[in-house]
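In the working numbering, the protein residues as written are 3 to 220. Notes follow once the structure below has been shown.
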């Protein structure tokens with residue numbers, strides 16, 4: 003169930019909302035506009051419901067939360083939220099050994115193309131890609147990849163030097179300025195690369211939206 007509660011600072015209102023959830027046998031509730039500060043969010047719980055993840059603003063405004071029926075016996079695997087208590091949060095759980103991800107994205111009722119800012123949209127795409135990109139990119143590329151360190155290439159470079167000295171063989175090493183390389187990406191080439199990696203038309207079209215009529219803000 004998704005519910006805009008328009009503020010939960012009243013103890014009576016919190017109690018009534020929790021009673022409503024129990025009376026209607028709601029197992030999972032995605033709550034928006036809690037208006038609860040971080041120190042108060044845990045007050046929106048009961049012996050029947052627990053708040054598994056929440057995001058709150060510093061003042062009594064905004065706020066999103068996800069509540070679970072305690073009888074579900076969920077095991078939380080991972081959760082993430084925005085820092086402003088407003089846009090989104092998600093929680094990955096295991097319910098009866100079945101892994102499920104619940105996401106609460108607070109959107110306006112009327113479609114608004116300006117709602118998703120560039121940073122949020124890019125982060126959603128990165129989350130979709132990060133599990134596959136390790137398999138797609140050669141192990142020699144260590145920068146900007148989860149689980150890979152710049153020290154990996156330093157160690158590999160030292161191995162090349164030692165091998166060259168040990169076997170008396172000439173060796174050559176080329177370096178690339180990554181910043182300049184990424185500043186000069188030819189977009190038409192990028193679309194071809196993504197297509198050949200097998201990412202699919204839908205994902206590529208979403209990436210293209212990041213480069214449609216871009217504007218710089220200082």
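Note that CB positions come from ideal geometry on N, CA and C, so glycine has one too.
Here the C-alpha atom of residue 79 lies approximately 11 angstroms from the C-alpha atom of residue 97. As the crow flies, the alpha-carbon of residue 94 is around 6 angstroms from that of residue 81. Runs of the beta strand (DSSP E) spanning 3 or more residues and lying entirely within the region 46-74 occur at 51-57 and 66-71, in chain order. With distances taken between CA atoms, residue 124 lies nearest to 206 out of 68, 17, 206 and 165. By DSSP's assignment, residue 143 forms no beta bridge with any residue. Boundaries cannot be given for residue 151, as no alpha helix (DSSP H) includes it and DSSP labels it neither H nor E.
Non-local C-beta neighbours of residue 159 in its own chain, meaning closer than 8 angstroms and more than five positions away in sequence, comprise 175, ordered along the chain. For residue 27, DSSP assigns no beta-bridge partner whatsoever.
Pairing residue 35 with residue 7 gives a Cβ-Cβ distance under 7 angstroms. By the criterion of a C-beta distance shorter than 8 angstroms, residue 44 is surrounded in its chain by 53, once the five residues flanking it on both sides are discounted.
In the three-state DSSP reduction, residue 101 falls in the strand class (E or B).
In the DSSP annotation of this structure, the continuous segment of the alpha helix (DSSP H) that includes residue 134 starts and ends at 120-138. With a contact defined as Cβ atoms closer than 8 angstroms, residue 38 and residue 3 miss out at about 18 angstroms.
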